[in-house]
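What follows is one structure encoded as structure tokens, with my remarks underneath.
Numbering (UniProt numbering), first residue to last: 1 to 96.
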């Protein structure tokens, strides 16, 4: 059984080069003013993330291998992949 991993783009500016955070669960919180916010739970804390950025890890990796990603880059829902052989971009959806 594979590990459940969720990724989202943080609303707040984070230290470092990226605002992407990875965690293990998301909560949708509806406020009394009608606004809805989304929170991603990580081992390091809870981050507010944009709804459109939330995606689950598909269990697949691409074949990009470098010093930062020796096993390839993880593919999440809503990622856009580009296939240089057929020169086409693909949107990723996950069901299951």
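Just so you know, even glycine gets a beta-carbon here, dropped at the ideal spot from N, CA and C.
Residues near residue i by beta carbon distance below 8 angstroms, same chain, minus five either side
i          : result
residue 42 : 21, 22, 23 and 24
residue 49 : 8, 9, 10, 11, 21, 26, 38, 39 and 40
residue 31 : 37
Inter-residue Cα distance where the pair is residue i and residue j
i          : j          : result
residue 5  : residue 75 : 11 angstroms
residue 70 : residue 86 : 25 angstroms
residue 55 : residue 78 : 6 angstroms
residue 34 : residue 46 : 22 angstroms
residue 83 : residue 91 : 11 angstroms
residue 18 : residue 68 : 14 angstroms
Helix, strand or coil at residue i [DSSP, three-state]
i           : result
residue 52  : helix
residue 29  : strand
residue 37  : strand
residue 13  : coil
residue 112 : In the structure as shown, the chain begins at 1 and stops at 96. Residue 112 is therefore absent and cannot be evaluated.
residue 23  : strand
Nonlocal neighbours in the same chain, by C-beta distance under 7 angstroms from residue i, ignoring five residues either side
i          : result
residue 72 : 61, 62, 63, 64 and 65
residue 28 : 36 and 38
6 angstroms CB neighbourhood of residue i in its chain, flanking five on each side removed
i          : result
residue 57 : 5, 74 and 76
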